[in-house]
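Presented below is the structure to which this report refers.
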Amino acid sequence: MMTACVILAAGLGKRMNSNLPKVLHKVCGIPMLQSVIETARKLKCRQIVVVTGEHDDLIKKALASPDISYALQKEPKGTGQALMCAKQDLKGFQGILIVLNGDTPLVRAETIKKFLKLHLKNKSAVSVLSFQAENPDDYGRVVRDASGQVLSIMEQKDADAMQKKIHEVNSGVYAINHDLLSLLDSIKINRKKGEYYLTDIVAAALKKGLKTSAYCIGAEDEFMGVNTREELYRASMFMKKKLIEKWAGKGVTFLDMDSVFIHAGVTIGKDTTVYPNVYLEGRTKIGRGTTIYPNVRILDSEIGNNVVIKDSTVIEGSTIKNRASVGPFARIRPGSEIGIEARIGNFVELKKAVIGKATKASHLSYLGDTRIGEGVNIGAGTITCNYDGEKKHRTIIEDGVFVGSDTQLVAPVKIGKGAYIGAGSTIIKNVPPWALALSRSKQTHSSEWAKKWQKKIKNRKSKVSK
Ligand code: UD1
Ligand code: CA
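Position one of the sequence shown corresponds to residue 63 (the working numbering), numbered consecutively onward.
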């Protein structure tokens, strides 16, 4: 049977109180609408139509793809009207329309497939995927007669006292035979809300003597509709819990599952340990046997095997190779690469810095726009002076170099292989390989000076007190 999917995403989302369209708000790092689109893709439909409204430019910019067409609902006047807006895109389509809400990001493709099977088996004209809600407020109630036949979907605002007691509610997932689209024209505006309700298609179909059904399958969490920030939070917590359970199942140890946040695009290798308050975001990949200590945030980065990321470290857009160690209190900014067995210690900031194998920068440094070779020692307080107030310049440090503490490397500058730089130097010229570079003024001693000085102070004090 041919299927097409329509995703309703044109609502104003007023209850979010946001400048961002509701469906672009993220759950575990993924915009809600993107999650729904990904679910739709898994259904292998002939086409996917997304109905957008006022902010369609923002949505298209974020989620454009050749396998999706966008239909515009200029003024959102309800879910029924939204589906009508997709009619043009569905011209000539014959089969079953699967309708999804763009604000219901946790629905799984498997559940929809199960639902579709039931719809086909029972030869219904329109089916609603329903669920038992602990608190049914805000959802449309599934109204059935004594025999169980679905009569209508009744929104909270329109429900009478008896109907309000119903816990079986509409998830926003529908299967509708294409020829029922014409029924949408007969739906009347709901006076209380000034909207055309898609849910009214059930009663309209029944009136025509067509078969209507509702299938109560799946758990409530999966159908959570996000209308408020609080619901966004709840959906995020649910998805995050699922993700952590998934990685725990694959051999990751979490010392405190509640305080860790993981985005849906993150992967973590076996025997890695994650301490409390760790945030793994974007497309981060963590290898095997790695340890991530507390208060670490890693975004869009690749971390190798047996790496140690110590407490309170931030890593963004960077690569950290096997057996390296980073932190505590390190800041690794985008474009950095830390080599195998390298060590980046406390209060070290890297930016576009490539650090070679087994190189160490253990304390208090800024290393930016630099390439540092293998086996280099960067002393405490080393600074690459990469910015002249106008442009950025590069520092090259070749293999085996020893940079003494408190050195400033004024870029552009190159330190040749095996060279030594004496502590406290300001390096403004290239250093040849194997040379010793020193640039500090000569130390002098004035003998017994301190004693004379102290005597002088003592005399002065006694004069004052007299
Ligand atoms: C809707 C259902 C309700 C169901 C619930 C499930 C209706 C009338 N009610 O209620 O029965 O239990 O979802 O979560 O359908 N949208 C448009 N254009 C519009 C209005 C809405 O595209 O003019 C889109 C929204 O962007 C959203 C979806 O349709 O993705 C649902 O709209 P929303 O206003 O959130 O409906 P609910 O009140 O949650
Ligand atoms: Ca909703």
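For every residue, glycine included, the Cβ atom is placed at its ideal position computed from N, Cα and C.
Going by DSSP, LEU162 is part of the beta strand (DSSP E) stretching over 158–163. Collapsing the DSSP output to three states places ASP431 in a strand. For the segment 351–422, the full-length beta strand (DSSP E) segments reaching 3 residues or more read 359–361, 376–378 and 405–417 along the chain. Spatial neighbours of LEU471 in its own chain (CB-CB distance under 6 Å, excluding positions within 5 residues in sequence) are listed in chain order as THR446, THR457 and ILE489.
Closer than 7 Å to some heavy atom of ligand 2: that does not describe the Cβ of ASP283. With a contact defined as Cβ atoms closer than 8 Å, LEU86 and LEU74 miss out at about 13 Å. Going by C-alpha positions, LEU168 is about 15 Å away from ILE306. The bridge partners DSSP lists for ILE249 come to none.
If you draw a straight line from the Cα of ARG206 to the Cα of ASP220, it comes to about 16 Å. Distances between the C-beta of ASN232 and the heavy atoms of ligand 2 are all 7 Å or more. DSSP places LEU342 inside the beta strand (DSSP E), whose first and last residues are 341–343. Pairwise C-beta distances place the segment 221–228 out of contact with the segment 275–284, as fewer than three of them are shorter than 8 Å.
Taking the Cα of LEU246 as reference, the smallest distance to any Cα among TYR236, ALA237, TYR258 and VAL235 is reached at TYR258. Between ligand 1 and GLY115, a heavy atom-to-CB distance of less than 7 Å is present.
Nearest Cα to PRO494 within the set THR375, GLY401, ASN163 and VAL475: VAL475. Under the Cβ criterion (8 Å, minimum of three pairs), the segment 398–408 counts as touching the segment 368–386.
Here the C-alpha atom of GLY366 lies approximately 18 Å from the C-alpha atom of ILE324. For TYR295, the enclosing alpha helix (DSSP H) stretches over residues 291–311. Comparing C-alpha distances from SER363 to each of LYS372, VAL370, ILE348 and SER374 shows the shortest one belongs to ILE348. Proximity of the segment 149–168 to the segment 228–246 meets the contact definition, three or more beta-carbon pairs being nearer than 8 Å. Residue side-chain check: ASP461 keeps its Cβ at 7 Å or more from all non-hydrogen atoms of ligand 2. Looking at the backbone, the Cα of SER487 and that of SER424 are separated by about 18 Å. The beta carbon of GLN135 is closer than 8 Å to those of ALA72, VAL113, THR114, GLY115, GLN143, ALA144 and CYS147 in its chain, skipping five residues each way along the sequence.
The beta-carbon separation of ALA310 and VAL89, rounded to 20 Å, does not stay under the 8 Å limit for a contact.
Taking a cut-off of 8 Å on C-beta distances, the segment 262–272 touches the segment 211–219, as three or more cross pairs fall below it.
Bounds of the alpha helix (DSSP H) holding ASN521 are 511–527. Between ILE92 and ALA102, the C-beta gap is not smaller than 8 Å, which leaves the two residues out of contact.
Distance from ILE434 to VAL416 at the Cβ level is roughly 7 Å; contact confirmed, criterion being Cβ atoms closer than 8 Å. ASN163 and LEU70 do touch by the CB rule: their CB atoms are close to 5 Å apart, below 8 Å. Across the set GLU282, ILE459 and PHE177, the C-alpha of ILE459 shows the shortest separation from the C-alpha of ALA473. In this structure, GLY142 has its beta carbon at no less than 7 Å from each heavy atom of ligand 2.
For ALA144, the enclosing alpha helix (DSSP H) has its first and last residue at 141–147. If you ignore the 5 residues before and after LEU268, its C-beta comes within less than 7 Å of the C-beta of LEU213 and THR274, all in its own chain and listed in chain order. By the neighbour-count definition (other C-beta atoms within 10 Å, threshold 16), TYR449 is an exposed residue.
Rounded to whole angstroms, the gap between the alpha carbons of ILE251 and ASN289 is 22 Å. By the neighbour-count criterion, in which a residue is buried when 16 or more other Cβ atoms sit within 10 angstroms of its Cβ, VAL161 is buried.
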